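Chemist: Numbering (the UniProt record's numbering), first residue to last: 1 to 427. The beta carbon of each residue, even a glycine, is placed where N, CA and C say it ideally should be. In this text the structure is predicted, and so the values were computed from the model without any measurement.
Below you can see the structure in the form of structure tokens.
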């Protein structure tokens with residue numbers, strides 16, 4: 001009873017003074033009001049909630065936005081030919097962005113889409129997010145549905161020739177941003193979405209991705225440079241028959257980051273890969289990857305590959321689950337989470353899970369923590385490589401399995417360069 005009251009009080013305090021956007025079409029207002037009602041009934045996350053026991057949600061619950069020194073803009077795929085879309089303090093900046101035009105792609109602002117009485121987003125906004133609450137409460141995602149005012153709406157109708165790059169910038173030390181991206185990949189279409197930048201002092205992003213039969217969606221994200229960033233991100237994906245979803249996130253620095261990915265494979269022969277690498281230095285660094293993959297069709301494949309490199313008291317968290325429904329025969333599910341602890345003060349907390357109700361499956365999971373391989377380090381040093389450089393090479397080798405999940409080798413190389421640069425600065 002005391003816990004329920006504490007959650008209720010914390011939720012009421014956070015929502016006090018906030019109001020959902022009242023403009024827009026009736027269906028958008030209805031979705032937002034429904035989300036607010038669900039949030040008030042569920043309550044915001046509390047430290048004693050099962051899926052928040054490794055991560056203190058307090059950073060996301062204060063009424064006052066935390067102040068954070070403005071960091072340099074993080075490099076973001078400058079060598080890649082992209083359609084660049086810029087948000088500053090959570091608001092679309094047309095002057096800094098490219099024209100929202102691309103063959104095989106319908107693209108517009110979320111703020112514009114929700115004003116239209118007839119729009120395909122009407123049948124998707126909040127739908128995947130609501131379904132994602134089925135077994136695990138995700139209140140910060142509901143918060144996003146209720147309060148997001150801007151973002152991108154993307155509908156791929158063919159193979160889009162170049163990636164869409166969403167670049168987040170910040171101009172205010174107390175900027176708070178709540179952004180919603182809606183993605184629809186039609187039958188046989190293919191889209192690559194990139195994300196990078198400092199975003200906000202406190203950032204909450206949500207993305208709903210609906211992939212039709214034979215569609216493919218590739219997502220590559222860089223979270224970096226902003227030492228005092230607080231971010232809660234949510235990706236909800238639904239896959240049709242023979243469709244593909246691949247997502248990779250590189251996280252460098254940051255004070256508090258919680259990345260949630262919730263995937264449902266609804267069509268036979270679908271493939272979903274989600275991976276990430278996080279490098280943290282210092283006691284203020286706390287990074288949480290929470291993933292839930294549901295197999296609800298025949299002969300589907302999923303992979304979860306996460307690597308964390310931690311030192312000087314940094315903390316990494318991984319919570320990953322594979323759920324295989326009764327009819328999801330011939331499932332191939334793989335999950336691995338590993339941490340490289342560069343000193344005795346670093347911490348890695350892991351909760352891998354399998355829940356299987358079908359009998360013809362191949363599923364595995366594993367989680368390990370360890371220090372630098374002293375034999376390998378000695379070998380490199382004996383070849384004349386300085387110890388700090390040798391350690392960097394071993395770190396890069398450690399995260400290689402996660403980077404291999406990026407299908408585009410050019411994008412993978414860009415992230416390898418960012419990793420190498422970060423390691424060099426931290427020597």
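Ignoring anything shorter than 3 residues, give me the beta strand (DSSP E) runs that lie fully in the stretch 301-326, in order along the chain.
Modeler: Those beta strand (DSSP E) runs which fall completely within the stretch 301-326 and span 3+ residues are 301-311 and 315-324.
Chemist: Considering just the uninterrupted stretch of the beta strand (DSSP E) at residue 330, what are its terminal residues?
Modeler: Note, residue 330: premise wrong, no beta strand (DSSP E); not H, not E.
Chemist: Report the three-state DSSP secondary structure of residue 174 (helix, strand or coil).
Modeler: The answer is coil: DSSP assigns residue 174 none of H, G, I, E or B.
Chemist: May I ask you to report which of helix, strand or coil DSSP gives residue 50?
Modeler: Of the three classes helix, strand and coil, the one that applies to residue 50 here is helix, per DSSP.
Chemist: Is the stretch 132-142 in contact with the stretch 104-123, if contact means three or more CB pairs nearer than 8 Å?
Modeler: These segments do not touch.
Chemist: Quick one: complete alpha helix (DSSP H) runs, 4+ long, within the stretch 59-125?
Modeler: Listed in chain order, they are 110-113.
Chemist: Scan the stretch 196-269 and note each continuous beta strand (DSSP E) run of 3 residues or more that stays entirely inside, going in chain order.
Modeler: If we require 3 residues or more, the beta strand (DSSP E) runs fully inside the stretch 196-269 come out as 202-211, 216-223, 230-239, 244-252 and 256-265.
Chemist: Exposed or buried, residue 413, counting other C-beta atoms within 10 Å across all chains shown (16 or more means buried)?
Modeler: Residue 413 comes out exposed.
Chemist: Identify the continuous beta strand (DSSP E) that holds residue 352 and give its terminal residues.
Modeler: Here the beta strand (DSSP E) through residue 352 covers 347-356.
Chemist: Quick one: what's got a C-beta closer than 7 Å to residue 35's C-beta in the same chain, skipping five residues either side?
Modeler: The answer, listed in chain order, is 126, 142, 145 and 146.
Chemist: Could you spell out where the alpha helix (DSSP H) holding residue 390 opens and where it closes?
Modeler: Start and end: 387-398.
Chemist: Taking a contact to mean a Cβ-Cβ separation below 8 Å, would you say residue 247 touches residue 219 in this structure?
Modeler: Yes. Within cutoff.
Chemist: Could you name the residues of the same chain whose beta carbon sits closer than 7 Å to that of residue 108, not counting the 5 residues immediately before and after it, in chain order?
Modeler: Taken in chain order, the residues that qualify are 100 and 153.
Chemist: How far does the beta strand (DSSP E) with residue 368 in it extend, from its first residue to its last?
Modeler: Residue 368 -> beta strand (DSSP E) spans 361-370.
Chemist: Going by beta carbon distance, what residues of the same chain come within less than 6 Å of residue 390, once the five residues before and after it are set aside?
Modeler: Correct list, in chain order: 377, 380 and 381.
Chemist: Am I right that residue 178 and residue 204 are in contact with their C-beta atoms under 8 Å? What's the rounded C-beta distance?
Modeler: That pair is a contact at about 5 Å.
Chemist: CB of residue 48 to nearest heavy atom of the ligand NAP: below 7 Å?
Modeler: By its list of ligands, the structure shown contains no ligand whatsoever, and the ligand NAP lies outside what it can speak to.
Chemist: By Cβ distance below 8 Å, which residues in the same chain neighbour residue 268 in space, the five residues on each side in sequence not counted?
Modeler: Closer than 8 Å at Cβ, skipping near neighbours: 241, 242, 297, 298, 299 and 300.
Chemist: Among residues of its own chain, excluding the 5 on either side of residue 188, which ones have a beta-carbon nearer than 7 Å to its beta-carbon?
Modeler: Correct list, in chain order: 214 and 215.
Chemist: How big is the Cα-Cα spacing for residue 348 and residue 54?
Modeler: Rounded to the nearest angstrom, the two C-alpha atoms are 10 Å apart.
Chemist: Helix, strand or coil: how does DSSP classify residue 420 here?
Modeler: Here residue 420 sits in helix by DSSP.
Chemist: Going straight from the alpha carbon of residue 425 to that of residue 256, what length do you get?
Modeler: Roughly 21 Å separates the two Cα atoms.
Chemist: Helix, strand or coil for residue 143 per DSSP?
Modeler: Here residue 143 sits in helix by DSSP.
Chemist: If you check the beta carbons only, do residue 363 and residue 324 fall under 8 Å apart?
Modeler: Cβ atoms of residue 363 and residue 324: closer than 8 Å.
Chemist: State the beta-bridge partners of residue 168 as determined by DSSP.
Modeler: DSSP output for residue 168 lists 87 and 197 as bridge partner(s).
Chemist: Identify which residue in 371, 331, 253 and 332 has its Cα closest to the Cα of residue 343.
Modeler: Looking at the Cα atoms, 371 is the closest of the given residues.
Chemist: Measure the CB-CB distance between residue 358 and residue 319 and report whether it falls below 8 Å.
Modeler: In this structure, residue 319 does not lie closer than 8 Å to residue 358 by Cβ.
Chemist: Check residue 14 in the structure and name its three-state DSSP category.
Modeler: Here residue 14 sits in helix by DSSP.
Chemist: Who are the Cβ neighbours of residue 124 in its own chain at under 8 Å, not counting the five residues just before and after it?
Modeler: These residues qualify, in order along the chain: 182, 184, 208 and 210.
Chemist: Let me check understanding here. Comparing Cα to Cα, which of 196, 175 and 176 lies closest to residue 164?
Modeler: Nearest option by C-alpha distance: 196.
Chemist: Report, in whole angstroms, the separation of the C-beta atoms of residue 90 and residue 200, which I expect to be a contact under 8 Å.
Modeler: Right, the Cβ-Cβ distance comes to about 6 Å (below 8 Å), so this counts as a contact.
Chemist: Are the beta-carbon atoms belonging to residue 259 and residue 227 less than 8 Å from one another?
Modeler: No.
Chemist: Mapping DSSP to helix, strand and coil, what is residue 337?
Modeler: Reduced to three states, the DSSP call for residue 337 is strand.
Chemist: Mind reading off the beta-carbon distance from residue 250 to residue 418? Whole number of angstroms is fine, and I expect it under 8 Å.
Modeler: So it is a contact: roughly 6 Å between Cβ atoms.
Chemist: Ends of the beta strand (DSSP E) at residue 280?
Modeler: 271-281 is the span of the beta strand (DSSP E), which, as asked, contains residue 280.
Chemist: Return helix, strand or coil for residue 425, following the three-state DSSP convention.
Modeler: Here residue 425 sits in helix by DSSP.
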